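Student: Once you've had a glance at the structure underneath, I'll fire off some questions.
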Amino acid sequence: MRKYLISGLLIWIPIWVTFVVIRFIIDLLDQSLALLPHRYQPDNLFGFHIPGLGLLFTLLIVFLTGLFAANFIGSGLVHLWERILAKIPLIRSVYSAVKQMLNAFVQPKSTSFRKVVMVQFPRENSWSIGFQTSERVNNLPSQKESIAVFIPTCPNPTAGFLLYVSTDQVTELNLTVEEAFKLIISVGVITPSRTDLVKR
30 MRKYLISGLL IWIPIWVTFV VIRFIIDLLD QSLALLPHRY QPDNLFGFHI
80 PGLGLLFTLL IVFLTGLFAA NFIGSGLVHL WERILAKIPL IRSVYSAVKQ
130 MLNAFVQPKS TSFRKVVMVQ FPRENSWSIG FQTSERVNNL PSQKESIAVF
180 IPTCPNPTAG FLLYVSTDQV TELNLTVEEA FKLIISVGVI TPSRTDLVKR
């Protein structure tokens, strides 16, 4: 009986967690509809609530913003807006950091979070999985060619440690970013099926 209960839990818990996460995201994005005038909000137009319209509305706003920013006038207004933000001390720091991080993820030539690596951390002979976040870092005290590596914590990968490590101390792994995140979030329970973890 215990075997069947565990098998059932292994089926239903992932389904339930997936449903809860998706429902949370949809409900969160549905709140964006509050930006519309009250009389034009879908709940008032149709007389009932339609889940997911907030997601479509958000995607439409993002698409139209990108379309507007791609032309000459829109690009000029975006630069003007960024110059205004650059004059506000606290907002300037946050906006600049977020934009640089997004550019690192979006740009196809960027190496940020594209390579999964392993370094000895927090001490020698103790290995941690991380992500390469920069190609090369110069002017470090070691005078060696180094890279920046982000070591996420378990089970919350949004927090972690930033290390500057000599390239000869970094081992690149034969893992995708998705596989590495699964390994980290599951605190090592979900292990990769492949045996050749170290990239040759």
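Start counting at 1 in the sequence shown, then tack on 29, and there's your number in this note's numbering. For glycine and all other residues, C-beta sits at the position ideal for the given N, C-alpha and C. Everything numeric in this text was worked out from a predicted model, so none of it was measured.
Helix, strand or coil for Pro71, going by three-state DSSP, please let me know.
Tutor: helix
Student: Among the residues of its own chain, which have a CB less than 7 Å from the CB of Leu191, if the five just before and after it don't count?
Tutor: Ala177, Phe179
Student: Indicate the three-state DSSP secondary structure (helix, strand or coil) for Thr200 in the structure shown.
Tutor: strand
Student: Tell me whether Leu169 sits in a helix, a strand or coil according to DSSP, three-state version.
Tutor: coil
Student: Restricting to Cα atoms, I'd like to know which of Pro80, Lys128, Ile158, Arg31 is closest to Phe53.
Tutor: Pro80
Student: Using the DSSP secondary-structure output, state which residues sit across from Gln60 in a beta bridge.
Tutor: For Gln60, DSSP assigns no beta-bridge partner whatsoever.
Student: Please report the residue range of the beta strand (DSSP E) in which Ala21 lies.
Tutor: Since the first and last residues shown for the chain are 30 and 229, residue 21 lies out of range.
Student: Measuring CB atoms only, is the stretch 155-164 touching the stretch 197-215, in the sense that at least three cross pairs come out at less than 8 Å?
Tutor: yes
Student: Roughly how far, in whole angstroms, is the beta-carbon of Leu204 from the beta-carbon of Val145, given that I think they are within contact range, below 8 Å?
Tutor: 4 Å
Student: Once the 5 residues before and after Gly252 are set aside, which same chain residues still bring their CB inside 7 Å of it?
Tutor: The displayed coordinates of the chain run from 30 to 229. Any statement about residue 252 would go beyond what the structure contains.
Student: Where do the ends of the alpha helix (DSSP H) carrying Phe210 lie?
Tutor: 206-214
Student: Mind checking which residues open and close the beta strand (DSSP E) that includes Gly159?
Tutor: 156-161
Student: Pop quiz: Val166 and Ser157 are said to be a contact at Cβ under 8 Å. What is the actual Cβ separation, rounded to whole angstroms?
Tutor: Going by Cβ atoms, the distance from Val166 to Ser157 rounds to 18 Å, so no, they are not a contact pair.
Student: Which class does Gly76 belong to by DSSP, given the choice of helix, strand or coil?
Tutor: coil
Student: What is the residue span of the alpha helix (DSSP H) that Ser104 lies within?
Tutor: 101-114 is the span of the alpha helix (DSSP H), which, as asked, contains Ser104.
Student: Label Glu115 either buried or exposed according to how many other C-beta atoms from any shown protein chain fall within 10 Å of its C-beta, with 16 as the threshold for buried.
Tutor: The amino acid at residue 115 is misidentified as Glu; the sequence shows Ala. The residue in question, Ala115, is exposed, as its Cβ has fewer than 16 Cβ neighbours within 10 Å.
Student: Quickly, what does DSSP pair Val127 with across the bridge? List them, please.
Tutor: Val127 pairs with nothing; no bridge assigned.
Student: Between the C-alpha atoms of Ile42 and Ser104, what's the straight-line distance to the nearest angstrom?
Tutor: 47 Å
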